[in-house]
Amino acid sequence: MPPKKREKPNEKESSADQIKTDRELFLQAFEKPTQIYRFLG
287 MPPKKREKPN EKESSADQIK TDRELFLQAF EKPTQIYRFL G
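Residues 287 to 327 in the working numbering are what the sequence shown spells out, letter by letter.
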């Protein structure tokens, strides 16, 4: 199935929120291995 192109009418408005969410998820995912490595090291 090809992706629907008319699915996102407000893509520009939600892109800032998407970047913020991606950054928070990235930091959360990065935080746990860092704590583990700090514990092991």
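Cβ atoms here follow ideal geometry from the backbone N, Cα and C, with glycine treated the same way. Nothing here was measured: the structure is a model prediction, and the numbers come from that model.
Between the alpha carbons of F325 and F316 lies a gap of roughly 15 Å. Rounded to the nearest whole angstrom, the CA to CA distance from S300 to F312 is 18 Å.
Just so you know, the alpha carbons of Q321 and R309 end up roughly 18 Å apart. Rounded to whole angstroms, the gap between the alpha carbons of Q304 and P319 is 23 Å.
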